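Undergrad:
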Amino acid sequence: MAQKTLGLIHTSATLVPVFQQLCQQHLPHVQTFNIVDDSLIKTVIRCGELRPDTARRVVNYAASAEDAGADFILFTCSSIGAAVETAATLSQVPVLRVDQPMADKAVQTGSRIGVIATLPTTLRPTTDLVKRRALVAGKEVDIVSSLCEGAFDKLMSGDAAAHDAMVAAALKELSLQVDVIVLAQASMARVVDTLPEANKRVPILASPGIAIEYLATLL
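Everything in the sequence shown is counted per the working numbering, starting at 1 for the first residue and increasing by one.
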């Protein structure tokens with residue numbers, strides 16, 4: 001059987017090592033390559049939404065990854081999820097948004113689902129995705145959304161400790177209201193590892209590991 005190739009498309013260079021480690025762990029026999037363009041996420045944040053011109057660039061990156069020989073394409077950013085779904089309809093190879101396997105797992109896990117983000121541009125698409133995946137599964141869910149206002153700015157200005165503390169406090173509060181928590185951004189996943197066990201009352205799902213484990217079942 002020929003070796004499969006996974007093309008990873010990122011909107012932040014910080015995610016490259018995160019996914020590299022996960023791929024080595026779960027997809028040791030799969031070749032990978034990375035495309036990084038942080039102007040995509042910067043444009044989404046600046047505009048406050050995913051605009052058609054940015055969506056077109058996302059679709060073009062999927063075509064570029066396909067041309068580069070990818071048998072499967074994974075976009076690792078949730079904020080551009082809607083454009084990734086469009087790209088999937090135009091591609092000859094499967095295209096996956098990183099948060100879909102996580103949304104499916106959340107829907108299977110509980111009916112009160114918390115969605116937490118540090119950016120409104122990520123909170124909306126992730127909440128929307130969870131609702132739609134619940135419909136696909138034929139399940140009724142309640143979604144409780146939580147936005148850590150200001151935490152993303154702290155992270156971008158280099159104050160990771162302040163970001164982590166804000167996210168940890170929000171996770172603790174949200175865990176009292178729901179059956180399962182979904183992290184809308186991969187950048188929040190590291191905070192979960194630092195939480196005391198007492199604060200992990202409910203499962204907290206992060207998209208990178210769940211997405212790569214899901215790909216391992218396909219590739």
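All C-beta atoms in this analysis are idealised placements derived from N, C-alpha and C, irrespective of residue type, glycine included. Predicted, not measured: the structure shown is a model, and the values here were computed from it.
Specify, as a first and last residue, the run of the alpha helix (DSSP H) that residue 175 falls within.
TA: 160-175
Undergrad: Indicate the three-state DSSP secondary structure (helix, strand or coil) for residue 104 in the structure shown.
TA: helix
Undergrad: For residue 87 and residue 176, I'd like the C-alpha separation in whole angstroms.
TA: 37 Å
Undergrad: Could you give the DSSP three-state label for residue 84: helix, strand or coil?
TA: helix
Undergrad: Tell me, please, which residues DSSP counts as bridged to residue 33.
TA: 7
Undergrad: So within the region 39-96, which uninterrupted alpha helix (DSSP H) runs reach at least 4 residues, ignoring any that extend past its ends?
TA: DSSP runs (the alpha helix (DSSP H)) wholly in the region 39-96: 39-47, 52-67, 81-90.
Undergrad: For residue 59 versus residue 83, is the C-beta distance shorter than 8 Å?
TA: yes
Undergrad: Where does residue 40 land, buried or exposed, given buried means 16+ other C-beta within 10 angstroms?
TA: buried
Undergrad: With DSSP collapsed to three states, give me the class of residue 12.
TA: coil
Undergrad: Strictly by DSSP, which residues pair up with residue 111?
TA: Paired residues: none, contrary to the question.
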